[in-house]
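Structure, as structure tokens:
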Amino acid sequence: MSGGLDRHLQRGPLPLWFQIKEQLRRAIDMGEWAPGEQLPTESELTEFFGVSRITVRTAFERLGDQGLVERTPGRGTFVAQRSFEQPVTRLAGFHEDMASRGFVPSAHTLSVGVVPGPSDAASALGAEGEDLVEVRRLLSADNTPMAFQHGYLPTWVLGNGEFTTADLHNKSLYRIMEERTASHPATAEGTIEAVRADRTRADLLDVPEGSPLLLATRLSLDRSRRPVEWVRLWYRADRYRFRVELQLP
């Protein structure tokens with residue numbers, strides 16, 4: 410049994426299942442069990458804490474509700490893979506965001522090129538009837554697929570120089586925009602909704618077809634309030650979550 414657990418529970422106002430859940434949560438946070446590692450069984454924890462199996466089961470269920478563990482029938486309970494949290498009030502490129510958290514970001518550029526702008530992107534960017542730069546990338550952190558990005562940019566934001574897939578491999582798109590035309594996004598507006606993964610996105614993100622995804626649609630403006638990017642990002646719901654801070658009016 411992990412040295413991070415204390416078998417002596419308090420007999421008081423806090424339910425026993427809650428005390429066990431909190432001990433397991435702290436042990437997971439401290440790295441007693443790594444992501445993907447199996448936790449002690451219900452029987453082992455029942456004997457260790459001297460409680461009923463339903464008490465331990467309730468603790469596991471609450472940990473599962475918090476996304477900290479995954480229960481597999483017939484196999485046991487495992488520490489869930491780590492989720493990445495993004496405040497919805499913070500605008501940052503994927504590379505900058507992941508690097509600031511201590512993870513190794515990477516991007517695989519699936520395609521990039523100048524195409525006739527689709528109506529929704531062209532309208533948002535104020536570029537009706539114009540060509541746009543289309544970018545499709547798979548974004549990963551610590552070699553784990555995190556999101557599929559499909560976006561459009563006005564051609565002017567990348568300057569007049571040549572632009573190829575090599576420019577985007579493992580380099581921030583926002584950094585390129587800033588270096589070439591000082592058009593780094595400064596503000597953005599958008600929506601977030603729940604969708605299911607179709608076959609194409611499921612294969613890209615290494616999830617079963619029909620898995621839940623978070624779809625973020627975003628229009629970004631630079632410091633001069635010029636539209637510079639219209640993008641959709643499909644995030645793995647089991648690896649990414651958004652945090653919202655609310656205030657009373």
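410 is the number of the first residue of the sequence shown in our numbering; add one for each residue after it.
We put the CB at the ideal spot given by N, CA and C, even for glycine.
All of these numbers come straight from a predicted model, not from anything done at the bench.
According to DSSP, residues forming a beta bridge with V640: Residue mapping note: residue 640 aligns to position 231 of the sequence shown, counting from 1. In the DSSP output, where bridge partners are listed per residue, V640 has G560 and R627.
Within 8 Å, strictly: CB atoms of G560 and T590: As a position in the sequence shown, residue 560 is number 151, starting the count at 1. As a position in the sequence shown, residue 590 is number 181, starting the count at 1. It is not a contact, given that the beta carbons lie outside the stated cut-off.
Delimiting residues of the beta strand (DSSP E) encompassing D540: In the sequence shown, the residue the question calls residue 540 occupies position 131. Run containing D540: D540 to A550, per the beta strand (DSSP E) assignment.
Distance between beta carbons of V542 and T564, contact taken as under 8 Å: On the sequence shown, position 155 is the one that residue 564 refers to. On the sequence shown, position 133 is the one that residue 542 refers to. Their Cβ separation, rounded to whole angstroms, is 6 Å, which keeps T564 and V542 in contact under 8 Å.
Strand pairing of A603, partner residues [DSSP]: Counted from its first residue, the sequence shown places residue 603 at position 194. Looking at the DSSP assignment, A603 forms a beta bridge with L623.
First through last residue of the alpha helix (DSSP H) which encompasses T486: Along the sequence shown, one-based indexing puts residue 486 at 77. That residue, T486, is in no alpha helix (DSSP H); its beta strand (DSSP E) goes G485 to V488.
Backbone secondary structure at R480 - three-state DSSP: The sequence position of residue 480 within the sequence shown is 71, counting from 1. Three-state DSSP puts R480 in a strand.
Cα-Cα separation, E671 to S461: Outside the shown range of the chain, which is 410 to 658, sits residue 671, and nothing can be said about it.
Continuous beta strand (DSSP E) stretch holding S520: start and end: Numbered from 1 along the sequence shown, position 111 holds the residue referred to as residue 520. Where S520 is concerned, the enclosing beta strand (DSSP E) stretches over P514 to P525.
Assigned secondary structure, R634 (DSSP; H/G/I helix, E/B strand, else coil): Reading the sequence shown from its first residue, position 225 is the one you call residue 634. Coil.
Whole-angstrom distance between V604 and P658, CA atom to CA atom: Residue 658 sits at position 249 when you count from the first residue of the sequence shown. Residue 604 sits at position 195 when you count from the first residue of the sequence shown. Each residue's alpha carbon lies about 31 Å from the other.
Exposure of P514, with buried meaning 16 or more beta-carbon neighbours within 10 Å: Along the sequence shown, read from residue 1 onward, the residue named residue 514 stands at position 105. With 16 or more Cβ atoms within 10 Å of its Cβ, P514 is classed as buried.
Touch test, the segment 586-602 against the segment 613-631, Cβ-Cβ under 8 Å, three pairs minimum: Segments in contact, yes.
Supposed close pair P670, A516 - CB separation, criterion 8 Å: In this structure the chain extends from 410 to 658, so residue 670 is not present and cannot be described.
G485 and Q432 closer than 8 Å at C-beta: Along the sequence shown, read from residue 1 onward, the residue named residue 485 stands at position 76. Along the sequence shown, read from residue 1 onward, the residue named residue 432 stands at position 23. Contact: no.
Q558 versus D438, Q419, L454 and W639, residue with shortest Cα-Cα distance: To locate residue 558, count along the sequence shown from 1; it is residue 149. Of the listed residues, the one whose Cα sits closest to Q558 is W639.
Three-way DSSP call (helix, strand, coil) for Q419 in this model: Your numbering for residue 419 matches position 10 in the sequence shown. Here Q419 sits in coil by DSSP.
E446, DSSP secondary structure in three states: Against the sequence shown, residue 446 aligns to sequence position 37. It is coil, neither helix nor strand.
Status (buried if at least 16 other CB within 10 Å, exposed otherwise) for P527: Taking the sequence shown and counting its residues from 1, the one referred to as residue 527 is at position 118. Exposed is the call here.
Cα-Cα separation between F572 and P525, rounded to whole angstroms: Within the sequence shown, the letter at position 163 stands for residue 572. Within the sequence shown, the letter at position 116 stands for residue 525. F572 and P525: Cα-Cα distance of roughly 17 Å.
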